[in-house]
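There are 4 protein chains.
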Amino acid sequence: MPKVSDEHMEGRRRQIIDAAIACFARDGFHRATMQDICAEARLSPGAIYRHFPGKDAIVEAIADERHAREAEFMRAALEVGGVDGLRVFGSASFRSLAAPAEKRRRRLGVQVWAEAVLNPEIRKLVMRGTKPPRDVVARLVREAQESGELADDLDPDAVGRVMLALFQGFILQQAWEPGADVTAFLETAELMVDALARERVAE
Amino acid sequence: MPKVSDEHMEGRRRQIIDAAIACFARDGFHRATMQDICAEARLSPGAIYRHFPGKDAIVEAIADERHAREAEFMRAALEVGGVDGLRVFGSASFRSLAAPAEKRRRRLGVQVWAEAVLNPEIRKLVMRGTKPPRDVVARLVREAQESGELADDLDPDAVGRVMLALFQGFILQQAWEPGADVTAFLETAELMVDALARERVAE
Amino acid sequence: MPKVSDEHMEGRRRQIIDAAIACFARDGFHRATMQDICAEARLSPGAIYRHFPGKDAIVEAIADERHAREAEFMRAALEVGGVDGLRVFGSASFRSLAAPAEKRRRRLGVQVWAEAVLNPEIRKLVMRGTKPPRDVVARLVREAQESGELADDLDPDAVGRVMLALFQGFILQQAWEPGADVTAFLETAELMVDALARERVAE
Amino acid sequence: MPKVSDEHMEGRRRQIIDAAIACFARDGFHRATMQDICAEARLSPGAIYRHFPGKDAIVEAIADERHAREAEFMRAALEVGGVDGLRVFGSASFRSLAAPAEKRRRRLGVQVWAEAVLNPEIRKLVMRGTKPPRDVVARLVREAQESGELADDLDPDAVGRVMLALFQGFILQQAWEPGADVTAFLETAELMVDALARERVAE
DNA sequence: TATGAATGAGAGTTCATTCAT
DNA sequence: GATGAATGAACTCTCATTCAT
Chain A
5 MPKVSDEHME GRRRQIIDAA IACFARDGFH RATMQDICAE ARLSPGAIYR
55 HFPGKDAIVE AIADERHARE AEFMRAALEV GGVDGLRVFG SASFRSLAAP
105 AEKRRRRLGV QVWAEAVLNP EIRKLVMRGT KPPRDVVARL VREAQESGEL
155 ADDLDPDAVG RVMLALFQGF ILQQAWEPGA DVTAFLETAE LMVDALARER
205 VAE
Chain B
5 MPKVSDEHME GRRRQIIDAA IACFARDGFH RATMQDICAE ARLSPGAIYR
55 HFPGKDAIVE AIADERHARE AEFMRAALEV GGVDGLRVFG SASFRSLAAP
105 AEKRRRRLGV QVWAEAVLNP EIRKLVMRGT KPPRDVVARL VREAQESGEL
155 ADDLDPDAVG RVMLALFQGF ILQQAWEPGA DVTAFLETAE LMVDALARER
205 VAE
Chain C
5 MPKVSDEHME GRRRQIIDAA IACFARDGFH RATMQDICAE ARLSPGAIYR
55 HFPGKDAIVE AIADERHARE AEFMRAALEV GGVDGLRVFG SASFRSLAAP
105 AEKRRRRLGV QVWAEAVLNP EIRKLVMRGT KPPRDVVARL VREAQESGEL
155 ADDLDPDAVG RVMLALFQGF ILQQAWEPGA DVTAFLETAE LMVDALARER
205 VAE
Chain D
5 MPKVSDEHME GRRRQIIDAA IACFARDGFH RATMQDICAE ARLSPGAIYR
55 HFPGKDAIVE AIADERHARE AEFMRAALEV GGVDGLRVFG SASFRSLAAP
105 AEKRRRRLGV QVWAEAVLNP EIRKLVMRGT KPPRDVVARL VREAQESGEL
155 ADDLDPDAVG RVMLALFQGF ILQQAWEPGA DVTAFLETAE LMVDALARER
205 VAE
């Protein structure tokens, strides 16, 4: 039972992870019980423990999954390059999170962040997801500095952190107020980036 | 020791809240047990339940306390007014959170945010703390627009949200990496604000 | 401070017992807390523990109080004597319990009975209250047998138990259904006694 | 051991109820702890909570079980009918409770009564058990009145209550004094019924 | 004498995890 | 491989009782 079993295994993992995502987004990691996840996945506890050694492992699997989504944006941004690449990356990332359908994703994200503060294992996983985007931004900033689009005194890594912070704050605020004005937020963020670039051009 | 003063009562509340803050920052709301809080406060369960009807109430009391800290910064910023007020408010707020001693405060803050996503009561409390700073920023932006320091097409409320997002992302990142480069982050954020203002002046 | 203190002591005891009666009748012995009794008595725990060594002692004091009420009926019944004395005693006892105002007394009585099953101390007290009425009935029956009013084959002690049982069942049923038809019950019970006597006369 | 039969399920319920009956009869509802019941049932807390949502539910299940025992007596009594049916019902019911082996049952019964005073849910259940016997008695009395065996001025429902009261008082007294003279009590009660009937015949 | 804040053992209940079937 | 009944440690919260004031 080799190949079929592997596919089956993978299918079960997905089924469990999806159920867990639904439960965790709804109730948080601690209030969601394994029984809740079993019910949501329509699986028995035994079946779940065959695929994950415990509740924490499911949390970790979810934390591990969170990145990778932006890989596509990053590739596209790097192709464009420079300040325009920055803009592409920024607005693509924002838009991917702003959709109402992403409400669950945002709620879950905040849970993962809080857990990452407490649990080094989770933190490692989460940072494995946040580091690449920051590096992409830093690289784009460096490119823009080399081409004269941006001032040299900007710290590329710090810009990476600042842009990440904007995303994070945005996700958090939307998790609290799903109806918050998303467009104005994005536009304002873009204006700030543009200002940095435009003033350079204006010199 | 009967008939104690209100001061004593208030002192006990502080003692419990401080103990709870320590426990929650260390282990999170859900992993910290009432026994942990009792041990930390060197008080018995009964003593704690005399002052709070349950664990949730302590969480709420803590969430309720989180704001008010910025009140001083806000007052100062409004006195200065305009883009300079914005700068004062921004750097004061950042600096107040960047100190290593605030590590616990940052960790706890992230816990509260996650809880606010799940618990409407906590959310209400948290937003009662985030709304005034956002409003102060919006007011300073409007002043700056009236005096011509900032472009009219900036949405003042959105700027409030963007600045709040910067703080939040900053706290989160520092909660994960207490050694992250704080100065560069702050400088970059200030550069962005300056850019908005400078380009206006440059026109 | 001799006499004044004694009166005061006794007054406090009454105050506490009355409060406890109210609480126990409302919630039962186990659900009523010492705090409830304190609140009802408008006294502090310390004050109560000065007069009673513990909750059980209050229960015992109450169980101890329950009898004595019928002493007057018993005296009157013995004066009348014979079957008529039986009738006097029966209807006086019933009537004293049937009044709506005695609802609390009935509820409390049932609590005490249940406790008496579990607690030998309480049981002793309760039986100290039930034995004399049974003995009075037995004595009246013996009188009636001697005067020929009742058949000799009646067991006087058993009649005492039967009459006590009628009271107890009546109290219980009324504790469950305060609106139960009391008059019909009493009349039926009297008819049964009368039948015993009448048939004797009829011979 | 998954997917067990309904029989197994029912068996566990019995096991738990039996353990609870033993504990409650010994210590009362409030002093018997869930741990006691677990120990008596040789089951873990979790196993019990799979079958009952809480301690109260076990109490209710027990209160609900108490009736039904008399169903057989009632059927037999109704077959016989009239005053003889009354006698059959009475002595069968008494004898079923008088056996020393029923000591536990009597103790538990008194606990349930006390609880029924406080808890409407239990009361409803208990009265669902006491109403049918009362109604059977009332029906037999009516039959006896129609056939001239009993006087028309007897209130059939009140006779039902009186007979129930006799049982209840008897159970209570025996719960207090397991060695009380049962035979004499029953004989006296029968004499009272007989007297009512005999005097009618004698007219 | 009275107060009431404080104690702390222990209550009912939950839930991550196991394992016989 | 899947099931789900069972486990039992650990949780939050209660409340009879004490004792410094």
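Chains as they are written, first to last, in our numbering: chain A, 5 to 207; chain B, 5 to 207; chain C, 5 to 207; chain D, 5 to 207. Glycine included, each C-beta is placed from N, C-alpha and C at the ideal position.
Would you kindly work out how many angstroms separate the C-alpha atoms of residue i and residue j, rounded to a whole number?
i, j, result
"arginine 17(A)", "alanine 120(D)", "52 Å"
"glycine 94(A)", "glutamate 191(A)", "11 Å"
"asparagine 123(B)", "glutamate 14(D)", "40 Å"
"arginine 146(B)", "proline 160(B)", "6 Å"
"serine 97(A)", "isoleucine 62(B)", "37 Å"
"valine 141(A)", "proline 136(B)", "32 Å"
"alanine 75(D)", "phenylalanine 28(C)", "35 Å"
"leucine 112(B)", "isoleucine 25(B)", "7 Å"
"glycine 164(C)", "isoleucine 21(D)", "36 Å"
"valine 186(A)", "alanine 102(A)", "7 Å"
"glutamate 83(B)", "lysine 128(B)", "28 Å"
"arginine 35(D)", "arginine 35(C)", "11 Å"
"aspartate 88(C)", "glycine 50(C)", "51 Å"
"alanine 45(B)", "glutamine 39(B)", "10 Å"
"arginine 138(A)", "alanine 105(A)", "25 Å"
"glutamine 213(D)", "aspartate 60(A)", "This structure cannot settle anything about residue 213(D), because the visible part of chain D is limited to 5 through 207."
"alanine 23(B)", "cysteine 42(B)", "8 Å"
Residue i by DSSP, collapsed to three states: which one?
i, result
"leucine 176(C)", "helix"
"leucine 190(A)", "helix"
"serine 9(D)", "coil"
"serine 151(A)", "coil"
"phenylalanine 56(A)", "coil"
"threonine 134(C)", "helix"
"histidine 34(D)", "helix"
"arginine 73(B)", "coil"
"alanine 103(D)", "coil"
"serine 2(C)", "Limits of chain C in this structure are 5 at one end and 207 at the other, which puts residue 2(C) out of reach."
"aspartate 159(D)", "coil"
"arginine 164(B)", "Correcting the residue identity first, residue 164(B) is glycine in this sequence and not arginine. DSSP places glycine 164(B) in helix when its eight states are reduced to three."
"aspartate 185(D)", "coil"
"glycine 89(A)", "helix"
"aspartate 198(D)", "helix"
Strictly below 8 Å CB to CB, what residues from chain B border residue i?
i, result
"glycine 86(A)", "Near glycine 86(A) there are no residues of chain B at all, since even the closest Cβ is about 17 Å away, more than 8 Å."
"arginine 127(A)", "Trp180"
Residue i touches chain C at which residues, Cβ-Cβ below 7 Å?
i, result
"alanine 193(D)", "Val166"
"proline 92(D)", "Here the sequence assigns valine to residue 92(D), which means proline is not the residue at that position. The premise fails here: valine 92(D) is roughly 19 Å from chain C at the closest Cβ pair, so nothing lies under 7 Å."
"leucine 158(D)", "Thr192 and Leu195"
"valine 114(D)", "Trp117, Ala118 and Val121"
For residue i, go through chain A and note every residue whose CB falls closer than 7 Å to its CB, in chain order.
i, result
"histidine 34(B)", "His34"
"methionine 38(B)", "Residues of chain A passing the Cβ test: none, with the nearest at roughly 15 Å."
"methionine 13(B)", "Residues of chain A passing the Cβ test: none, with the nearest at roughly 31 Å."
"arginine 111(B)", "Val121"
Please list the partners that residue i has in chain B, where partner means a Cβ-to-Cβ separation under 9 Å.
i, result
"glutamine 19(A)", "Residues of chain B passing the Cβ test: none, with the nearest at roughly 24 Å."
"valine 141(A)", "None at all; the shortest Cβ gap to chain B is about 11 Å."
"leucine 101(A)", "In chain order: nothing, as chain B lies at least about 12 Å away."
"glutamine 149(A)", "Result: empty, since nearest Cβ-Cβ is about 13 Å, beyond 9 Å."
"glycine 89(A)", "By Cβ distance, chain B contributes nothing, its closest Cβ being about 18 Å from glycine 89(A), past 9 Å."
"aspartate 31(A)", "Leu122"
"aspartate 185(A)", "Asp159, Asp161, Ala162 and Arg165"
So which residues of chain C does residue i contact, with C-beta pairs closer than 8 Å?
i, result
"phenylalanine 189(D)", "Ala162, Arg165, Val166 and Ala169"
Cβ closer than 8 Å: which chain D residues qualify as neighbours of residue i?
i, result
"leucine 200(C)", "Leu195, Met196 and Ala199"
What does residue i reach in chain B if we use C-beta pairs closer than 7 Å?
i, result
"leucine 176(A)", "Trp117 and Gln172"
Taking C-beta pairs closer than 9 Å, name the residues in chain C that residue i reaches, listed in chain order.
i, result
"methionine 131(D)", "Trp180 and Glu181"
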